[in-house]
Amino acid sequence: MIPFSEKLAFLMYITETGNKELATALSIDASMVSMMRTGKRKLSKNPAQAKKMALFFAGRCTAAFQRQALSEMLGKASIGPGMPTEVLAADLESWLQGEKDVVDTFLSHIQSFGPQAKHAHSFTPPAEPLPVAENRTSFFFGENGRREAMTRVMQEIRRMEEPGSILTVIDDNLEWLLSDYLLTQKVHAELMETMKQGFTFYQIMPPINYINRYTESLQFWLPIYATGNTKVFYYPRLRGNLFRHSIIVVPGRCVQYAASVSTGSTSDITMFSTDPQLVKSFEKQFEEIISLCRPALNVYNNVMNPVHYFRNFFSCQGETAQAVNALSVNSMPRELIERCIQKTNDSKLTQIFRNVLADIPLFEERFGKEPYIDMCRLATAAEIRKGNVPVSIAVMPDGERLYYTPETYCMHLKNILRLMDRYENYFFLPLREKDASDYNLFANESGLALIVTDRSPFKVLEISRPAMVTAFLEHLRRKADSLGFDGIHREKVRMELRALLQELENAN
Numbered sequence: 110m111i112p113f114s115e116k117l118a119f120l121m122y123i124t125e126t127g128n129k130e131l132a133t134a135l136s137i138d139a140s141m142v143s144m145m146r147t148g149k150r151k152l153s154k155n156p157a158q159a160k161k162m163a164l165f166f167a168g169r170c171t172a173a174f175q176r177q178a179l180s181e182m183l184g185k186a187s188i189g190p191g192m193p194t195e196v197l198a199a200d201l202e203s204w205l206q207g208e209k210d211v212v213d214t215f216l217s218h219i220q221s222f223g224p225q226a227k228h229a230h231s232f233t234p235p236a237e238p239l240p241v242a243e244n245r246t247s248f249f250f251g252e253n254g255r256r257e258a259m260t261r262v263m264q265e266i267r268r269m270e271e272p273g274s275i276l277t278v279i280d281d282n283l284e285w286l287l288s289d290y291l292l293t294q295k296v297h298a299e300l301m302e303t304m305k306q307g308f309t310f311y312q313i314m315p316p317i318n319y320i321n322r323y324t325e326s327l328q329f330w331l332p333i334y335a336t337g338n339t340k341v342f343y344y345p346r347l348r349g350n351l352f353r354h355s356i357i358v359v360p361g362r363c364v365q366y367a368a369s370v371s372t373g374s375t376s377d378i379t380m381f382s383t384d385p386q387l388v389k390s391f392e393k394q395f396e397e398i399i400s401l402c403r404p405a406l407n408v409y410n411n412v413m414n415p416v417h418y419f420r421n422f423f424s425c426q427g428e429t430a431q432a433v434n435a436l437s438v439n440s441m442p443r444e445l446i447e448r449c450i451q452k453t454n455d456s457k458l459t460q461i462f463r464n465v466l467a468d469i470p471l472f473e474e475r476f477g478k479e480p481y482i483d484m485c486r487l488a489t490a491a492e493i494r495k496g497n498v499p500v501s502i503a504v505m506p507d508g509e510r511l512y513y514t515p516e517t518y519c520m521h522l523k524n525i526l527r528l529m530d531r532y533e534n535y536f537f538l539p540l541r542e543k544d545a546s547d548y549n550l551f552a553n554e555s556g557l558a559l560i561v562t563d564r565s566p567f568k569v570l571e572i573s574r575p576a577m578v579t580a581f582l583e584h585l586r587r588k589a590d591s592l593g594f595d596g597i598h599r600e601k602v603r604m605e606l607r608a609l610l611q612e613l614e615n616a617n
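My numbering applies: residue 110 is where the sequence shown begins, and numbers increase by one.
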């Protein structure tokens, strides 16, 4: 982790900025800049200062050598001459506030999980079809060669009259593409359009070798994953670090194959072919490769479908942590679940609650054996009395929800206190309004993590790649550590819950 003072000193050096000049831009005293530069003062917690600072330096980093220096320092291949100043400013703002890890990348791009992809029958071919391609094989060299081959792949996809599949083995972190900002945006937009038109995307994810490069490429792929028309896998064993081999196959249309030395992409040799026999051979090779791989993640578009992903998660053994925007299903008392069943006429929702009811003994058995960190948004008495605090998982198909009354919220709070008193391994941590987000996060050390959107359209991202699951669990552990969950903190939580109970019961 690079200290803020070193980041600031670096930016001031490559832009030849003096203390007084930066102070004027930030509307602060020059002595304050001097103290930040030497590490005596930290970056202000007011986000406006980081934004101003980022905009200032982005506006002064227009030369190629400055962009190259920033690319190397931030570990982002996309920082180049073609990147707009406002995009660079956003990257600098994030960097000044602290580097993001894989989990932060996922969570900061959760808005990618938007409307569902269109169905295959909605596919519309181009108004002016491209010329029919010849069955030929071409070779290209270096980064520009890979970009040219990628352009040809996209042309072949546009020629298709029906949506099909795109098969990819990614053995690098897209430096060759991300370093050309305008081309990156174009390719990304075209891939997103193909996914919306009903194409199915199969990917074997790259190895997690260089974390900065990996998180940057992850930002490129996340919206594509979010369409739900994706099947994503990872290779569970070590890959060699000497060579990189990447494959893109559009069955029946074309293949792109690239090979290079892993230390850089200047030696890239890329083949593009529309030869049917060659395309078929690479299809077969992809099948052989994927047989050695395991699922990395899945996206489910409708949480009202059989919720096997939740049951899979809650059946996992080992330490579990979650951060959710309502009191969790794991701590719901039996009488509250029975009331929820009585209040809904929807058969699917009824079955969900019946499953929860049946799982109560399993939950409590877990609490008695393994650590369970249950971080939940704790509503205020005023919110509960207004009747706008939703019951966890109670999402109706038409978007309606079941809501707590003061009486039912008290039921739930009393059960949480009972669980805390009975099970030392059960840790309840209240989250505040400032902790609210658009998603609920779950992770278990057995190897499964879930991200569940908390707004319509509801989606579930199920992650099973071990390295990523570990990162999510550590993210939640750190959140719990920052809140405090053992010793005196446990008693403080009890006191807070009892105070809320008293406030709700006195009002009745």
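Every residue gets a Cβ at the ideal spot worked out from N, C-alpha and C, and that includes glycine. Because the structure is a prediction, the values reported are computed rather than measured.
Beta-carbon gap between residue i and residue j smaller than 7 Å
| i | j | result |
| --- | --- | --- |
| S143 | N155 | no |
| A163 | T194 | no |
| F472 | N439 | yes |
| R463 | A367 | no |
| E479 | E397 | no |
| L436 | M484 | no |
| R348 | P316 | yes |
| D281 | R353 | yes |
| A173 | P190 | yes |
| S371 | D377 | no |
Residue i, DSSP secondary structure in three states
| i | result |
| --- | --- |
| K160 | helix |
| D200 | helix |
| N615 | helix |
| L609 | helix |
| Q451 | helix |
| S288 | coil |
| M144 | helix |
| F249 | strand |
| Q460 | helix |
| R486 | strand |
| C363 | strand |
| S501 | strand |
| F166 | helix |
| R478 | The amino acid at residue 478 is misidentified as Arg; the sequence shows Lys. In this structure, K478 counts as helix in the three-state DSSP scheme. |
| Y532 | coil |
| Y513 | coil |
| P238 | A caution first: P238 carries a pLDDT of 47, below 50, which makes its placement in the model unreliable, though a value can still be read off. DSSP places P238 in coil when its eight states are reduced to three. |
| Q426 | coil |
Cβ separation of residue i and residue j, assumed to be a contact under 8 Å, to the nearest whole Å
| i | j | result |
| --- | --- | --- |
| I357 | T293 | With 8 Å as the limit, I357 and T293 do not qualify as a contact, their Cβ atoms being about 15 Å apart. |
| Q365 | M263 | That pair is no contact at about 10 Å. |
| L557 | C425 | 5 Å |
| Q590 | N434 | Reading the sequence as shown, one finds Asp at residue 590 and not Gln. Going by Cβ atoms, the distance from D590 to N434 rounds to 20 Å, so no, they are not a contact pair. |
| E612 | A467 | Wrong, their Cβ atoms sit about 33 Å apart, outside the cutoff. |
| C402 | I313 | 6 Å |
| L287 | E257 | In fact, because the Cβ distance is near 16 Å, the residues do not count as touching under 8 Å. |
| Y513 | I482 | No, Y513 and I482 are not in contact; Cβ-Cβ is about 23 Å, not under 8 Å. |
| V359 | E284 | Not confirmed; about 23 Å, so no contact. |
| L406 | I572 | 5 Å |
| A159 | E202 | 5 Å |
| F594 | L550 | About 16 Å separates the two Cβ atoms, so there is no contact after all. |
| F249 | T379 | 5 Å |
Pairwise C-alpha distance: residue j and residue i
| i | j | result |
| --- | --- | --- |
| P332 | K185 | 19 Å |
| E299 | R268 | 13 Å |
| F395 | T339 | 16 Å |
| F215 | L291 | 23 Å |
| I188 | V341 | 27 Å |
| L445 | V500 | 10 Å |
| I123 | R146 | 14 Å |
| C519 | E614 | 8 Å |
| D213 | A576 | 15 Å |
| Q206 | M182 | 15 Å |
| Y409 | A199 | 30 Å |
| R531 | E600 | 14 Å |
| L120 | W330 | 30 Å |
| M505 | A432 | The predicted position of M505 is uncertain, since its pLDDT is 47 and thus under 50; no value can be drawn from it. |
| K305 | H297 | 12 Å |
| F381 | S247 | 5 Å |
| F310 | K116 | 39 Å |
| S274 | T336 | 14 Å |
| R486 | C170 | 42 Å |
| F567 | Y548 | 10 Å |
Counterpart residues of residue i in DSSP-defined beta bridges
| i | result |
| --- | --- |
| H354 | A368 |
| R403 | Y343 |
| A432 | M484 and L550 |
| F562 | Checking the sequence shown, residue 562 turns out to be Thr, not Phe. Answer by DSSP bridge pairing, in chain order: Y548. |
| V388 | None, per the DSSP bridge assignment. |
Chain D contact for residue i (CB, 7 Å cutoff)
| i | result |
| --- | --- |
| I356 | This model lacks chain D altogether, as it is built from one protein chain only. |
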